[in-house]
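For the sequence shown, position 140 (counting from the first letter as 1) is numbered 340 according to my numbering, and the numbering increases by one without interruption. For reference, the structure is listed below as structure tokens.
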Amino acid sequence: MPSFFSRTPVISPCDSPDDRQENASAAAAGGEPAPAAVAPVAVPGAPMFLDRDHSILGFNERVFDWAVRTDVPLLERLRYLCIVSSNLDEFFEVRAAAHLTAAKSGEGKGVYTEASFVALSSKAHDLVARQYSLYNDSLVPEFARHGIRIVSHGERSAAQRTWVHEYFMREVRPLLIPVGLDPAHPFPQVANKSLNFIVRLHGHDAFGRKNEVAIVKVPRALPRLVRMPPRLAAKGESLFVSLSSIIRAHLADLFPGREVTEFSQFRVTRHSDLALDEEDVRNLRTALRQGLQHRHYGQAVRLEVSAGCSQFLSRFLLEQFDLPEPALYRVHGPVNLVRLTQLVDLVNDPALLFPAWRSAWPRQLVPGVSIMEQLNKRDVLMHQPFESFDGLLAFLREAVNDPQVLVIKQTIYRTGADSALMDLLTEAVRRGKEVMAVVELKARFDEEANINWAEALESIGAQVVYGVVGLKTHAKMLLVTRREGRQLRRYGHLSTGNYNPRTARLYTDLSYLTADEDTTADMDGVFNHLASQNRPPKLRKLLLAPFHLQRRMIEKIEQVGLAASRGEDARIVAKMNALTDEALMRALILAGQRGARIDLIVRGACMLAAQVPGVTDNIRVRSVIGRFLEHTRVFYFRAGAEEDLYLSSADWMNRNMMRRVELAWPVTEPRLRRQIVDECLVAYLHDDRDAWTLGPDGTYARAPHPEDGQGAQAALMVRYGPPAPVARVEQQQGT
201 MPSFFSRTPV
211 ISPCDSPDDR
221 QENASAAAAG
231 GEPAPAAVAP
241 VAVPGAPMFL
251 DRDHSILGFN
261 ERVFDWAVRT
271 DVPLLERLRY
281 LCIVSSNLDE
291 FFEVRAAAHL
301 TAAKSGEGKG
311 VYTEASFVAL
321 SSKAHDLVAR
331 QYSLYNDSLV
341 PEFARHGIRI
351 VSHGERSAAQ
361 RTWVHEYFMR
371 EVRPLLIPVG
381 LDPAHPFPQV
391 ANKSLNFIVR
401 LHGHDAFGRK
411 NEVAIVKVPR
421 ALPRLVRMPP
431 RLAAKGESLF
441 VSLSSIIRAH
451 LADLFPGREV
461 TEFSQFRVTR
471 HSDLALDEED
481 VRNLRTALRQ
491 GLQHRHYGQA
501 VRLEVSAGCS
511 QFLSRFLLEQ
521 FDLPEPALYR
531 VHGPVNLVRL
541 TQLVDLVNDP
551 ALLFPAWRSA
561 WPRQLVPGVS
571 IMEQLNKRDV
581 LMHQPFESFD
591 GLLAFLREAV
601 NDPQVLVIKQ
611 TIYRTGADSA
621 LMDLLTEAVR
631 RGKEVMAVVE
641 LKARFDEEAN
651 INWAEALESI
661 GAQVVYGVVG
671 LKTHAKMLLV
681 TRREGRQLRR
691 YGHLSTGNYN
701 PRTARLYTDL
711 SYLTADEDTT
721 ADMDGVFNHL
731 ASQNRPPKLR
741 KLLLAPFHLQ
751 RRMIEKIEQV
761 GLAASRGEDA
771 RIVAKMNALT
781 DEALMRALIL
791 AGQRGARIDL
801 IVRGACMLAA
811 QVPGVTDNIR
821 VRSVIGRFLE
831 HTRVFYFRAG
841 AEEDLYLSSA
851 DWMNRNMMRR
861 VELAWPVTEP
871 RLRRQIVDEC
881 LVAYLHDDRD
891 AWTLGPDGTY
901 ARAPHPEDGQ
911 GAQAALMVRY
921 GPPAPVARVE
931 QQQGT
């Protein structure tokens with residue numbers, strides 16, 4: 201089979217085989233307004249833009265396909281199933297509330313309506329039903345064939361029931377507080393995504409009252425799966441019991457003297473996007489910490505119950521959470537599939553997992569030689585996870601240990617609760633270096649970890665900045681200033697991904713190390729802008745959102761379109777995670793109508809309808825879902841003889857362009873440009889195994905050879921070296 205990389209890296213027509221949101225003004229942040237909208241030709245009845253939320257659900261269907269694929273190892277199939285559930289949780293937590301509110305008020309016009317709620321609910325119900333069908337009909341029997349079983353109460357032997365009872369009395373019962381509902385004991389606060397039981401009781405309580413409904417909240421600290429002792433299993437078997445099954449078997453023990461007539465496990469998902477009026481907040485960190493206390497108890501948007509839950513109990517719960525019937529999800533199994541990822545770790549059978557992958561040391565870095573000395577000779581590109589994040593850690597460690605390094609500045613968006621990188625910054629402060637950290641406190645679902653890091657750094661004397669009011673700082677940059685003789689020299693790192701060692705093993709990203717004077721001077725100017733909030737300096741190479749990035753991208757697209765209209769070679773290839781910015785999409789449509797050939801590699805949500813006759817004939821969109829989460833942002837433009845290649849922290853979304861601090865930077869060195877085009881664009885345009893092609897109606901078609909074709913990620917793994925026999929690295933497909 202021919203390799204992608206044996207072909208020319210030059211992008212040519214043969215390389216491809218085959219929200220609507222308001223454009224918010226950046227004036228409030230001191231930025232420039234978006235450029236005037238371009239006007240592509242519209243065809244009556246032909247769609248130009250697709251629905252964003254349906255596109256997000258479509259992405260999860262493509263991830264779900266990996267759980268269906270029989271060529272994927274069994275435990276990995278379960279993991280993909282759990283990833284879809286995790287993504288759906290976030291979808292409901294962030295995207296569902298507006299549709300639900302519109303439905304409850306009977307809204308009939310606009311983006312969020314009663315009809316939009318019903319349509320999204322229908323699509324989500326269908327995906328959830330397919331998840332549980334796959335779990336029960338395919339994965340569970342397949343696990344049983346490998347001697348792996350989650351044993352239900354009805355299947356347990358007498359000895360197994362005895363062990364489960366002892367476990368319940370010892371580990372579970374002391375942590376449970378059954379609450380009988382009456383005027384003095386109203387329906388309790390139920391936390392977001394927590395496991396609970398609702399019970400209907402017959403008879404009277406100790407005071408002679410007939411309060412028939414009770415709630416049992418299950419602490420998060422309890423494991424959702426418990427391994428049975430080997431003595432209770434046949435030879436070669438691994439037996440497990442679920443926490444919900446353990447509690448369900450002992451509900452009667454929680455209500456002595458009463459008869460349990462009906463019961464169901466249930467789980468409620470709540471709106472969890474923190475909303476703060478930053479203009480009216482004196483201390484953002486304090487306000488966010490207070491907001492985090494209430495996140496688990498926001499507006500209910502989804503209710504999950506057991507498939508056998510009675511109409512009485514389900515109606516009771518819907519009434520308590522003020523939810524309509526379409527928000528109810530009856531599931532044939534555990535109400536939280538995400539927690540089944542625990543089974544992957546408990547079994548941990550290499551034969552049922554992907555071959556372990558060990559990232560290679562960055563090939564452009566010479567081990568044992570000063571990285572800053574190497575950067576004085578050439579720029580360095582690192583491609584994760586095929587190359588190790590350790591290269592970046594080595595750069596920072598060298599800076600921390602070098603007495604000539606005076607200042608270290610870094611943006612922090614998502615680093616995780618346990619980060620070697622943050623430990624190095626802490627050590628830099630202790631060694632007397634000036635450390636500036638731009639910590640984005642509003643990084644969704646990482647707020648608490650970032651607040652903790654900010655407080656820890658501040659407590660030892662680092663200068664901590666929380667970005668710009670009204671904007672999220674999403675740019676990824678690290679800048680080191682070193683005294684060399686009588687001069688100060690800067691060394692910089694820019695990245696398409698986060699400074700997170702864990703996700704660096706799971707996400708495909710590009711890291712760029714440079715000592716280029718213009719680039720590092722621009723980076724220093726951006727850091728000073730974030731700290732002082734003065735107008736940004738005139739930048740020589742970097743493009744900065746919300747000031748210039750959208751406008752410059754539109755200008756590049758228009759240049760390509762004009763070149764096409766003159767009959768010159770005109771080409772755009774852009775790789776990103778999401779495409780929802782209307783101004784950029786209109787520019788792409790117009791360039792395509794002028795004759796430019798446009799290929800878009802968009803992993804997740806894409807609102808631009810591709811291959812619509814008369815509208816987007818020259819635009820092709822594909823999505824690649826693989827073992828690793830696609831995360832690189834690469835933008836290539838060719839207008840006649842002029843070629844430009846950019847890397848960026850930003851997707852082409854309105855929020856990234858107008859409501860975030862983002863960066864894009866040009867790559868001009870020929871060898872690095874060839875590598876990026878070869879590995880991040882050409883390989884993905886030729887992927888005929890893991891790619892999906894977007895059709896005019898918003899549906900995706902699978903690659904022509906899903907079982908025996910060649911995937912871009914697999915080819916890159918071969919290029920960077922065979923897997924090494926080390927600890928397994930899990931994959932992730934987040935939104």
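Ideal placement from N, C-alpha and C gives every residue a C-beta, glycine not left out.
Contact the segment 542-553 vs the segment 513-526: 3+ CB pairs below 8 Å: no
Same chain, Cβ closer than 6 Å to ARG873, five either side skipped, listed in chain order: As a first step, residue 873 is located in the sequence shown; it is residue number 673 there, counting from the start. Correct list, in chain order: LEU845, VAL867.
Close-in-space but distant-in-sequence residues of the same chain around VAL821 (CB under 7 Å, 5 per side omitted): If you number the sequence shown from 1, residue 821 lands on position 621. Excluding positions up to five away in sequence, the list reads LEU800, VAL802, CYS806, LEU808, ALA810, LEU894.
DSSP-derived helix/strand/coil call for GLU355: Translated into the one-based positions of the sequence shown, residue 355 becomes position 155. Three-state DSSP puts GLU355 in a helix.
The segment 668-686 in contact with the segment 558-566 per 3-pair CB rule at 8 Å: no
Residues that LEU451 bridges to, as DSSP identifies them: Position 251 of the sequence shown holds residue 451. In the DSSP secondary-structure assignment, LEU451 is not bridged to any residue.
Inter-residue Cα distance where the pair is LEU492 and ARG889: Walking along the sequence shown from the start, residue 492 turns up at place 292. Walking along the sequence shown from the start, residue 889 turns up at place 689. The predicted model places LEU492 with a pLDDT of 49, which falls under 50 and marks its position as unreliable; any figure quoted below should be read in that light. Taking the straight line joining both Cα atoms gives about 42 Å.
Close-in-space but distant-in-sequence residues of the same chain around ASP253 (CB under 7 Å, 5 per side omitted): Within the sequence shown, residue 253 is the residue found at index 53, counting from 1. Excluding residues within five positions, the ones whose Cβ falls inside 7 Å are ARG295, LEU320.
Coil, strand or helix - CYS806 by DSSP: Position 606 of the sequence shown, counted from the start, is the residue given in the question as residue 806. In the structure shown, CYS806 sits in a strand (DSSP, three-state: E or B).
Residue environment, PHE410, which counts as buried when at least 16 other CB atoms sit within 10 Å: What you label residue 410 is simply residue 210 of the sequence shown in a count that begins at 1. Note that residue 410 corresponds to Lys in the displayed sequence, not to Phe. Its Cβ having fewer than 16 others within 10 Å, LYS410 is exposed.
Contacts around ALA391, its chain only, beta-carbon distance under 6 Å, and the 5 residues preceding and following it disregarded: Within the sequence shown, the letter at position 191 stands for residue 391. Answer for ALA391: HIS496, listed in chain order.
Whole-Å CB distance - PHE828 paired with LEU706, under 8 Å assumed: Within the sequence shown, residue 828 is the residue found at index 628, counting from 1. Within the sequence shown, residue 706 is the residue found at index 506, counting from 1. With a Cβ gap of about 6 Å, PHE828 and LEU706 count as contacting.
Nearest to PHE876 (by Cα), restricted to the options THR708, PRO603, THR626, VAL318: Position 676 of the sequence shown, counted from the start, is the residue given in the question as residue 876. According to the sequence provided, residue 876 is Ile. The question's Phe does not apply to it. Cα-wise, what sits closest to ILE876 is THR708.
Pick from VAL501, ARG838, GLU634 that is closest to GLY767, judged by C-alpha positions: The count along the sequence shown starts at 1 and reaches residue 767 at position 567. Taking GLY767 as reference, the option from VAL501, ARG838, GLU634 with the minimal CA-CA separation is ARG838.
Closest residue to ALA153 among GLN733, SER848, SER765, GLU843 (Cα-Cα distance): This structure cannot speak to residue 153, because the chain is shown only from 201 to 935.
Own chain, CB closer than 7 Å to GLY921, minus 5 neighbours either side, in chain order: Reading the sequence shown from its first residue, position 721 is the one you call residue 921. Hits under 7 Å: ALA560.
Exposure of PRO585, with buried meaning 16 or more beta-carbon neighbours within 10 Å: For the purposes of this step, residue 585 is identified with residue 385 of the sequence shown, where counting begins at 1. Answer is buried; the Cβ neighbour count reaches 16.
Under the three-state DSSP convention, the category VAL294 falls into: As a working note, residue 294 is residue 94 in the sequence shown. Note: VAL294 maps to helix in three-state DSSP.
Stretch pair the segment 710-720 + the segment 688-695: three plus CB contacts closer than 8 Å: yes
Rounded Cβ spacing between ILE415 and VAL379 (contact assumed at less than 8 Å): Working through the sequence shown from its first residue, we reach residue 415 at position 215. Working through the sequence shown from its first residue, we reach residue 379 at position 179. About 5 Å separates the two Cβ atoms, so the contact holds.
Close-in-space but distant-in-sequence residues of the same chain around HIS583 (CB under 7 Å, 5 per side omitted): Locating residue 583 in the sequence shown gives position 383, counting from the first residue. Excluding sequence neighbours, HIS583 sits near LEU710, GLU879.
DSSP-derived helix/strand/coil call for TYR691: Reading the sequence shown from its first residue, position 491 is the one you call residue 691. In the three-state DSSP reduction, TYR691 falls in the strand class (E or B).
Backbone secondary structure at THR708 - three-state DSSP: In the sequence shown, counting from the first residue as 1, residue 708 sits at position 508. Correct three-state label for THR708: strand.
Cβ pair SER464, VAL505 closer than 8 Å: Taking the first residue of the sequence shown as 1, we reach residue 464 at position 264. Taking the first residue of the sequence shown as 1, we reach residue 505 at position 305. Yes, the Cβ-Cβ distance between SER464 and VAL505 is below 8 Å.
Counterpart residues of TYR900 in DSSP-defined beta bridges: Here residue 900 is taken as the residue at index 700 of the sequence shown, counted from 1. DSSP output for TYR900 lists LEU894 as bridge partner(s).
Any 3 or more C-beta pairs closer than 8 Å across the segment 420-431 and the segment 562-578: no
Residues that DSSP places opposite ARG349 in a beta bridge: In the sequence shown, residue 349 corresponds to position 149, counting from 1. Paired residues: LEU439.
HIS194 in three-state terms, based on DSSP: Residue 194 lies beyond the range of the chain shown here (201 to 935); nothing can be said about it.
Which listed residue (LEU581, LEU575, GLY616) has its alpha carbon closest to that of ALA599: The residue labelled residue 599 in the question sits at position 399 within the sequence shown. For ALA599, the nearest C-alpha among the options comes from LEU575.
Where ALA507 falls, given that 16 or more other Cβ within 10 Å makes a residue buried: Locating residue 507 in the sequence shown gives position 307, counting from the first residue. By the C-beta density criterion, ALA507 is exposed, having fewer than 16 other C-beta atoms within 10 angstroms.
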